[in-house]
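Sequences listed follow chains A and B, in order.
Using the numbering used here, you'd call the opening residue of the first sequence number 226 and step up by one each time.
Using the numbering used here, you'd call the opening residue of the second sequence number 14 and step up by one each time.
Glycine included, each C-beta is placed from N, C-alpha and C at the ideal position.
Model, not experiment: these values are computed from the prediction.
Below is one structure, written out as C-alpha cells; comments come after it.
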Amino acid sequence: MIHFILASHGTLAKGMYESVKLIAGEIENIHIITAFVDNNDIKGMVSGEMDSIPAEDTVIAVTDILGGSVNNEFMNYLSRKRFYLIAGMNLPLLVQLSLTVGEGDDIDGAIKELVHSPEAAPVYCNERSEQAEDEEF
Amino acid sequence: MIKLVRVDHRLLHGQVAFSWTNGLNADCILVASDSVVNDEVWKTTLKLGKPSGVKLVIKNMEDSIKALNSGVTDKYNLIIVVQTIADAKRLAEGYTEIKSINLGNTKESSVTKQISKQVFVTEEEQKIVKELIGKGIEVEIRALVDDSKILASKVL
Chain A
226 MIHFILASHG
236 TLAKGMYESV
246 KLIAGEIENI
256 HIITAFVDNN
266 DIKGMVSGEM
276 DSIPAEDTVI
286 AVTDILGGSV
296 NNEFMNYLSR
306 KRFYLIAGMN
316 LPLLVQLSLT
326 VGEGDDIDGA
336 IKELVHSPEA
346 APVYCNERSE
356 QAEDEEF
Chain B
14 MIKLVRVDHR
24 LLHGQVAFSW
34 TNGLNADCIL
44 VASDSVVNDE
54 VWKTTLKLGK
64 PSGVKLVIKN
74 MEDSIKALNS
84 GVTDKYNLII
94 VVQTIADAKR
104 LAEGYTEIKS
114 INLGNTKESS
124 VTKQISKQVF
134 VTEEEQKIVK
144 ELIGKGIEVE
154 IRALVDDSKI
164 LASKVL
C-alpha cells in the first residue's frame with residue numbers, strides 16, 4: 226500500500242490537496258499535516274502520522290520547503306525502508322505524482338524522473354510559444 | 014488490436030499509466046470522452062501524466078468510434094479509456110469489435126451501489142451492464158492488471 230503525506234507550515238498542504246482533488250481526483254491513503262497552526266509540536270505531529278503507517282507500507286512524503294522545520298523533521302525518517310521524501314511541493318508535481326505512481330512501480334526511479342522533469346518546475350509563460358501538441362493515430 | 018476497454022472516471026492515472034500500460038504492453042491510449050476534449054487543463058494534465066513511449070490520443074466519442082472503425086488504430090496495442098459505463102455502451106455499440114469491458118473506477122454517490130472496491134453503479138448503470146452482458150460482451154472488474162477478474166454478472 227502506498228501512503229502519501231503532504232506536510233507544510235500552516236495550511237498549504239491542505240489547500241494544495243484541495244486543488245489536486247479538483248484536477249486529478251482523490252489520492253488514496255492521503256495524510257495531511259498542517260504544522261504550526263494550533264501548536265509547535267512538529268515532532269509529535271510527524272511521528273504521530275508516521276507511526277500510524279505500517280512499516281511494510283510505502284510512504285511518499287512531500288513537504289513545503291527544503292530547510293524548513295517540516296522537512297527537517299521528516300529527514301529523520303530517511304533510513305526507514307520504502308520512505309521517499311520530496312521537498313518543495315507544487316501542484317504540477319503532486320498531480321503528476323498522483324497520476325503516475327502506483328503499486329509495484331519503481332518509485333525511486335519515478336520520483337527521480339519527475340523531480341528532474343520540466344513538467345514539475347514553474348513555467349515562465351511569456352517565453353512559452355507552442356502548446357503541448359495533440360497526438361493523432 | 015484492442016488490449017483493453019476500461020471505464021475509469023479518472024481516465025489516465027497511476028493505475029492505467031503504469032499497471033495496465035506495462036502489463037498489457039500497450040503503445041497507445043485512446044481517451045474517448047465528450048467532456049475532456051474541451052477541457053484544456055484536463056487535456057494538458059493527461060498529456061503530462063501519460064507514460065513515456067506511449068501515444069496518447071484524446072477524442073470525443075463520435076471521432077473515437079470513427080477512428081476505430083476506419084482501421085487506423087489496428088496497428089497499435091491499444092487501451093481505450095472512457096469515463097462512464099454509459100460511454101462504454103456507446104463505444105461498444107459504435108464499434109462492434111469490442112468483446113470485453115473492464116470496470117476500473119467509477120464515482121460513488123448517494124444513489125450508487127458498491128460492487129467492488131472502486132466500482133459503484135447506479136440502477137441505470139446496472140441495467141446497461143446487464144444489457145452489455147446480454148449482447149455477449151464480457152464485463153469484468155479489475156483495478157490493476159494483475160488482479161483476478163471478477164465478472165460483473167456475479168456481483169450485480
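Give the interface partners of residue i over in chain B, defined as CB-CB distance under 7 Å, in chain order.
| i | result |
| --- | --- |
| residue 360(A) | 68, 69, 70 |
| residue 288(A) | Those do not exist, as residue 288(A) stays about 21 Å from chain B at its closest Cβ, beyond 7 Å. |
Do we get a CB-CB distance below 9 Å when we pair residue i with the residues of chain A?
| i | result |
| --- | --- |
| residue 32(B) | yes |
| residue 56(B) | yes |
| residue 80(B) | yes |
| residue 25(B) | yes |
| residue 125(B) | no |
| residue 89(B) | yes |
| residue 85(B) | yes |
| residue 100(B) | no |
| residue 159(B) | yes |
| residue 145(B) | no |
| residue 17(B) | no |
What do you get for residue i, buried or exposed, if any count of 16 or more other CB atoms within 10 angstroms of its CB means buried?
| i | result |
| --- | --- |
| residue 315(A) | exposed |
| residue 22(B) | buried |
| residue 341(A) | exposed |
| residue 38(B) | exposed |
| residue 100(B) | buried |
| residue 305(A) | exposed |
| residue 51(B) | exposed |
With a threshold of 9 Å between beta carbons, is residue i in contact with chain B?
| i | result |
| --- | --- |
| residue 320(A) | yes |
| residue 248(A) | yes |
| residue 328(A) | yes |
| residue 344(A) | yes |
| residue 283(A) | no |
| residue 323(A) | yes |
| residue 279(A) | no |
| residue 354(A) | Caution is warranted here: a pLDDT of 44 is assigned to residue 354(A), below 50, making its placement in the model unreliable, and the coordinate value is therefore given only provisionally. No - not a single Cβ of chain B is within 9 Å of the one on residue 354(A). |
According to DSSP, simplified to helix, strand and coil, what is residue i?
| i | result |
| --- | --- |
| residue 117(B) | strand |
| residue 103(B) | helix |
| residue 168(B) | helix |
| residue 58(B) | helix |
| residue 267(A) | helix |
| residue 89(B) | coil |
| residue 233(A) | strand |
| residue 259(A) | strand |
Can you grab the Cα-Cα spacing for the pair residue i / residue j, in whole Å?
| i | j | result |
| --- | --- | --- |
| residue 119(B) | residue 137(B) | 14 Å |
| residue 46(B) | residue 338(A) | 29 Å |
| residue 112(B) | residue 82(B) | 15 Å |
| residue 354(A) | residue 227(A) | Because residue 354(A) carries a pLDDT of 44, less than 50, the predicted location of this residue cannot be relied on, and the following value inherits that uncertainty. Whole-angstrom Cα-Cα distance: 38 Å. |
| residue 68(B) | residue 165(B) | 30 Å |
| residue 248(A) | residue 147(B) | 36 Å |
Taking residue i as the query, report the chain A residues whose CB atoms sit under 9 Å from its CB, ordered along the chain.
| i | result |
| --- | --- |
| residue 116(B) | In chain order: nothing, as chain A lies at least about 16 Å away. |
| residue 37(B) | By Cβ distance, chain A contributes nothing, its closest Cβ being about 14 Å from residue 37(B), past 9 Å. |
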